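So the structure is just underneath, and the comments pick up after that.
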Amino acid sequence: MKPIRVGVLGFGGLGQAAAQLLAPKTEMRWVAVADKQGFAYNPEGLDPQACRQIYQKQGSVGYLDSVGIISNDSIRELLRKADVDGYFLALPNLPNTFMASVAQQFINSGWQGVLVDALKRTSAVEQLLAMREDLQEANITYMTGCGATPGLLTAAAAVAAQSFAEVHSVKITFGVGIANWDAYRATIREDIAHIPGFTVDQAKAMSDAEVAAFLDKTNGILQLENMEHADDIMLELAGICDRAQVTVGGIVDTRNAQKPLSTNVQLTGRTFEGKISTHTFTLGDETSMAANVCGPAFGYLKAGMAFHQRGINGLWTAAEVMPQFVR
Ligand code: NAD
């Protein structure tokens, strides 16, 4: 079987982890990448180490010898040039309409294949839902909300629900530990946007120095409660519970790679015999955010490919499809 040719859009924290994760895989080959200032394409495969070095030294994969190109319209140009079966969109969703605009760009380009995102906000997933028919007509199989939360934990809730006749609540609590906030700039800005008193636009407008100053005040900790997280709409769409029954919160430590708490999802419901009980699925503390986002993202990309090859297109969420294990 020929490997699935994969592209990664965005080469920050998650994009770099994605490239590293794909390196030993035989079922997928990483051939294309874009960041804000450039892109690179090599049908034989890209070298994660070389890409990372050049990105860290010069700020863009576009500076890579022979395969890199500098561009301020990198996604469009890469799309035109590259033969890719599926893309992981490891892009910031700043502003909150950015991912939907990228999806529109794919539709307009005439490209056909599988797209996977790790979008977080309910309102961002709603924008994609509105594009459902356009994606279908464009022969694009789009898997949305396929990171950790939403993503892995939402899917776990969908599985856990099967023991119950009625689901009462789904509670997702995440702990994230990263050694330096600036390894995941978009993730941290988007998290700050959930803190009372902040909006997405305000968080987007913050300079790196302003983010660092804000984190100094909180000792590097972000405490997040009742977040607008698409796990709610995804579980509602899957027919599991009402979106109001889903809550998401957590703690992010931006100065310590160790998790401040164990990430888990608790689903409470009533069985057919009338018993009330809770299923809990807890992630191993040693697993990083990158492992729990990028692993599922490619698992859903593989599942999306199987759909696409059978002519099944349109929009899917992590709560309605099983990810497939990538070897
Ligand atoms: P980052 O800030 O580290 O990197 C972003 C990358 O995107 C950079 O390489 C940048 O150059 C590139 N980029 C920005 N604008 C671009 C454009 N117009 N064209 C091409 N490239 C562009 O980001 P990150 O911290 O890795 O986060 C990526 C996304 O993943 C965020 O939206 C974050 O919220 C999401 N995320 C989701 C989950 C989940 O569980 N669902 C968890 C963590 C992060």
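Under the working numbering, residues 417 to 743 are what the sequence shown spells out, in order. In this text, a Cβ means the ideal position worked out from N, Cα and C, and glycines have one as well. Note that the coordinates shown come from a computational prediction; the quantities given were computed from them, not determined experimentally.
Counted within 10 angstroms of its Cβ, other Cβ atoms place residue i as buried (16 or more) or exposed
| i | result |
| --- | --- |
| P440 | exposed |
| Q472 | exposed |
| G666 | buried |
| P566 | buried |
| Q639 | exposed |
| D382 | Summary: the structure shown does not reach residue 382, with the chain confined to residues 417 through 743, and so no result is reported for it. |
| K536 | buried |
| T733 | buried |
| F522 | buried |
| T557 | buried |
| K675 | buried |
| D451 | buried |
| R726 | exposed |
| G502 | buried |
Contact belief for residue i with residue j at Cβ below 8 angstroms, rounded distance in angstroms
| i | j | result |
| --- | --- | --- |
| I491 | V449 | That pair is no contact at about 11 angstroms. |
| P459 | T442 | The pair is not a contact, with the Cβ atoms about 16 angstroms apart (cut-off 8 angstroms). |
| G454 | V477 | 6 angstroms |
| A628 | A735 | With a Cβ gap of about 36 angstroms, A628 and A735 do not count as contacting. |
| T570 | Q543 | No, T570 and Q543 are not in contact; Cβ-Cβ is about 18 angstroms, not under 8 angstroms. |
| Q528 | G730 | With 8 angstroms as the limit, Q528 and G730 do not qualify as a contact, their Cβ atoms being about 12 angstroms apart. |
| H695 | A609 | Actually they do not touch by this definition, with Cβ atoms about 31 angstroms apart. |
| T560 | H645 | Rounded, the Cβ-Cβ distance is 13 angstroms, inconsistent with contact. |
| S525 | L495 | 5 angstroms |
| V530 | L717 | 6 angstroms |
| L677 | T603 | That belief does not hold up - the Cβ atoms of L677 and T603 are roughly 17 angstroms apart, past 8 angstroms. |
For residue j and residue i, the rounded distance between their alpha carbons
| i | j | result |
| --- | --- | --- |
| Q465 | A722 | 30 angstroms |
| I692 | S585 | 11 angstroms |
| L631 | T670 | 8 angstroms |
| G428 | V709 | 13 angstroms |
| F714 | L425 | 13 angstroms |
| N672 | L683 | 29 angstroms |
| S579 | R468 | 45 angstroms |
| S704 | G593 | 8 angstroms |
| I637 | I611 | 12 angstroms |
| G700 | A564 | 13 angstroms |
| I485 | L430 | 21 angstroms |
| F504 | C562 | 10 angstroms |
| A435 | L545 | 28 angstroms |
| N642 | D481 | 46 angstroms |
Test item: CB-CB of residue i and residue j under 8 angstroms
| i | j | result |
| --- | --- | --- |
| I656 | A574 | yes |
| T687 | G591 | no |
| L462 | V447 | yes |
| D617 | P511 | yes |
| M417 | V742 | no |
| G707 | P739 | Rather than Gly, the amino acid found at residue 707 in this sequence is Ala. Cβ atoms of A707 and P739: not closer than 8 angstroms. |
| V668 | D647 | no |
Check: residue i C-beta below 7 angstroms from any heavy atom of ligand 3
| i | result |
| --- | --- |
| D451 | As presented, the structure is devoid of ligand 3, carrying ligand 1 as its sole ligands. |
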